[in-house]
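The structure appears right after this line, and notes come after that.
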Amino acid sequence: MKILSTIYKEFLLLVRDPGGMALIFIMPLALVIVMALVQDAPFRDYQEVKLDVLFVDADADSLSAKIRQAFSASPNVNLILEKDSAAAKRRVQAGEVKAAIVVPPQSSVRLRNKTRQVIANVFANFGLPAQVDSTLLPSTDIKIFFDPAIKANYKQALSGAVEKIIANVQADWMLDELQNQLGEGRPETKKTEINLTDIIHVNTAYASENKYQGVMLNSVQHNVPAWTMFAMFFILYPLAGNFIKEREEGSMLRLRLISGSQFPVIAGKFAFYFLVCLVQFVMMVAVGIFVMPLLGLNRLVLGGDALNIFITACAVAMAATGYGVLIGVYFKTAQQALSFGSVSVVILSAIGGVWVPVYVMPEILQTLSRFSPMSWGLEAFNDLFLRQASIGVILPDVLKLVGFALVTLSASVLIHKSRTVV
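By the numbering used here, the letter at position 42 of the sequence shown is numbered 43, and the numbering carries on one by one without gaps.
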C-alpha cells in the first residue's frame, strides 16, 4: 500500500511539472526525428574504417590467393582465416564480425576453364581452330555474407573490391591464354563480342535466414533504439530532481519516519519511473513505424520476437531508472545531480554507440563501450531488430542491464540508509 501511495504521489508530481513532462516525452520525440534526418545522408557515405572480415579458402589456389593477398594488404580490412563456411556464416550472424568471404572449391580451375572457353569462342568467330573444347562449362560463385547491422556503404565497398580483384585476375588470365593461342602469328581480326558475365559470380547476402533477412542498418533502425535509450536514461532529471526537492523540503524525512524503512520510498519511485520509461519506449517505436515513413525515411522494422523486445526494453528501463535513483540519492543539490547526470549520460551514449555505430569508432572507444549500459542495450536491440536473435543471444546483455540496475539500487539503499535526511 505504501508503494502504491508513493507511485500515486510521483504521478501527481510529474503531471504538475509541465517542464519535466516535456523533457521526457516531447524532447526525445523531437530528438529522434531530427537525428534520423541529420544522419540519413552520413549513413550512406563511405568512411575509412577497419572491418574484421572472415576468409574461407576452400579453393586453395591462385584465385583465392589473389583475393587473400589483396585484402591482407588493405588498411581497411582485418582478414581472419576461417576453415568452415557454415561456421563463418554463424559468426557473422551473431555479430562477431561484419562479413565473411567464401571462395568455393575449384574456383580457380573453373575460372581458368571458362577463360579458355571464352578465348576458344573468339577464335571460332575468327574461323580459326580452337585448342580447347568450347562446350559450356559451369561458372563459380564467390559468396560474401554480411552482418545485417553493417552500413550499406561498407557492404558495397567490400563486394566491389572482391569484384575488382576477380576482374583483374580474369584479365590477366585472358591475356595469357590469348598469347598461348596466338603464338607468333596474328591473323586479321573481326569484331566479336565477349560475354564475361557468366564466368564467375559474386553473390552477396545477409547472414540471416528468415523473412526479415532484407532488413539492414539505416538511420531509422539505428536512431530509434539508440535515442530511445538516451531518453530513458534522462529520466534522471525529474527523478533526481524530485528526490532532492523532497529532501530539501523535509517531506523525505516524514516519509522515512512513516514507513520506518528506505525501501518503500525508493521502490515506489523506481516502479513509477520504470513504467514511464516503458511509455517512452512505446512512443518512440510508434514514431519509427508510423511517422518516419511520412518524412521520407525508412520504416522501423521490428524483426525480433515481441516478447524478447519487451524483455530488452524492461531491462533498459530498469538500468536507466536505477541510475537515476542513484544520482538522486548520492548528490545533495539539484545542480550537482543534474549537471553530473546530463554529462554522464552523454558520455555513456557517446561510447555506447548512440551517436555512431561502435565498430566505426577508434579501438580505445570500442573497448570502453563494453562498460556502457547503452552499448549493452543497443547491441541487444540490434540483435533483435536486425539479426532476429533468440533470447539466448540477447540474454548476456539483458543480464548485464539487470545487474547494473540491481547494483545501482542496492547502492542507493545503502547510501540513503547511511545518511541523515534533512
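For every residue, glycine included, the Cβ atom is placed at its ideal position computed from N, Cα and C.
Whether residue i touches residue j by CB criterion (8 Å)
{"i": "Met175", "j": "Val119", "result": "yes"}
{"i": "Leu52", "j": "Lys99", "result": "yes"}
{"i": "Leu112", "j": "Gln180", "result": "no"}
{"i": "Phe382", "j": "Pro226", "result": "yes"}
{"i": "Ile236", "j": "Thr313", "result": "no"}
{"i": "Val78", "j": "Lys144", "result": "no"}
{"i": "Ile245", "j": "Val326", "result": "no"}
{"i": "Val403", "j": "Met319", "result": "yes"}
{"i": "Val221", "j": "Leu301", "result": "yes"}
{"i": "Phe273", "j": "Glu11", "result": "yes"}
{"i": "Ala232", "j": "Ile4", "result": "no"}
{"i": "Ala479", "j": "Gly305", "result": "Summary: the structure shown does not reach residue 479, with the chain confined to residues 2 through 423, and so no result is reported for it."}
{"i": "Val57", "j": "Leu80", "result": "no"}
{"i": "Pro106", "j": "Asp142", "result": "no"}
{"i": "Val359", "j": "Trp228", "result": "no"}
{"i": "Leu339", "j": "Ala241", "result": "yes"}
{"i": "Phe146", "j": "Ala101", "result": "yes"}
Assigned exposure category for residue i - 16 Cβ within 10 Å defines buried
{"i": "Leu29", "result": "Here residue 29 is Pro; the residue named in the question, Leu, does not match the sequence. The residue in question, Pro29, is buried, as its Cβ has 16 or more Cβ neighbours within 10 Å."}
{"i": "Asp173", "result": "exposed"}
{"i": "Thr334", "result": "exposed"}
{"i": "Asn224", "result": "buried"}
{"i": "Tyr9", "result": "exposed"}
{"i": "Gln70", "result": "exposed"}
{"i": "Glu364", "result": "exposed"}
{"i": "Asn196", "result": "No answer about Asn196 holds up, because its pLDDT of 44 lies below 50 and its placement is not dependable."}
{"i": "Ala42", "result": "Note that Ala42 has pLDDT 48, beneath the 50 cutoff, so the model's placement of it is unreliable and no number is given."}
{"i": "Met2", "result": "exposed"}
{"i": "Arg17", "result": "exposed"}
{"i": "Gln157", "result": "exposed"}
{"i": "Lys115", "result": "buried"}
{"i": "Asn169", "result": "exposed"}
{"i": "Val355", "result": "buried"}
{"i": "Leu400", "result": "exposed"}
{"i": "Ala89", "result": "buried"}
{"i": "Ile416", "result": "exposed"}
{"i": "Phe72", "result": "buried"}
{"i": "Asp398", "result": "buried"}
{"i": "Pro76", "result": "exposed"}
{"i": "Ala307", "result": "exposed"}
{"i": "Glu249", "result": "exposed"}
{"i": "Phe317", "result": "Rather than Phe, the amino acid found at residue 317 in this sequence is Val. The residue is buried, with at least 16 neighbouring Cβ atoms inside 10 Å."}
{"i": "Phe282", "result": "buried"}
{"i": "Thr136", "result": "Low per-residue confidence applies at Thr136: pLDDT is 48, beneath 50, and the placement is therefore not dependable enough to give any value."}
Secondary structure of residue i, DSSP reduced to three states
{"i": "Ala227", "result": "helix"}
{"i": "Thr190", "result": "Confidence is the limiting factor: at Thr190 the pLDDT is only 45, short of 50, which leaves the residue's position unreliable, though a coordinate-based value still follows. Coil."}
{"i": "Ile151", "result": "coil"}
{"i": "Ala95", "result": "coil"}
{"i": "Ala59", "result": "coil"}
{"i": "Asp199", "result": "Any reading at Asp199 needs caution, since the residue's pLDDT is 48, under 50, leaving its predicted position unreliable; the model's value is listed next. If DSSP states are grouped into helix, strand and coil, Asp199 belongs with coil."}
{"i": "Phe146", "result": "strand"}
{"i": "Ile236", "result": "coil"}
{"i": "Glu83", "result": "coil"}
{"i": "Val16", "result": "helix"}
{"i": "Gly404", "result": "helix"}
{"i": "Leu424", "result": "No information on residue 424 is available, as it lies outside the stretch 2 to 423 that the chain covers here."}
{"i": "Asn114", "result": "helix"}
{"i": "Leu64", "result": "helix"}
{"i": "Asn122", "result": "helix"}
{"i": "Met2", "result": "coil"}
{"i": "Met217", "result": "coil"}
{"i": "Ala412", "result": "helix"}
{"i": "Val39", "result": "Low local confidence applies: a pLDDT of 48 at Val39 is under 50, so the model's placement there is unreliable, and no value is given."}
{"i": "Ala131", "result": "Low confidence applies to Ala131: its pLDDT is 49, below 50, so where it sits in the model is not reliable, and the reading given next is rough at best. Reduced to three states, the DSSP call for Ala131 is coil."}
One or two residues paired with residue i in a DSSP bridge
{"i": "Val78", "result": "Leu52"}
{"i": "Val104", "result": "Asp58"}
Distance cut-off 7 Å: residue i Cβ against heavy atoms of the ligand GTP
{"i": "Phe147", "result": "Among the ligands in the structure shown, none appear at all, so the ligand GTP cannot be discussed."}
Residue i at chain C interface by Cβ criterion, 8 Å
{"i": "Ala101", "result": "Of the protein chains in this structure there is only one, and it is not chain C."}
Legend entry - Complete beta strand (DSSP E) runs within the stretch 304–353 (minimum length 3 residues, chain order): None, since the stretch 304–353 contains no complete beta strand (DSSP E) of that length.
Inset, instruction - Output the residue ranges of the alpha helix (DSSP H) runs that lie fully inside the stretch 355–401 and measure 4 residues or longer, sorted by chain position. - result: Whole alpha helix (DSSP H) segments, 4+ residues: 364–369 and 374–386.
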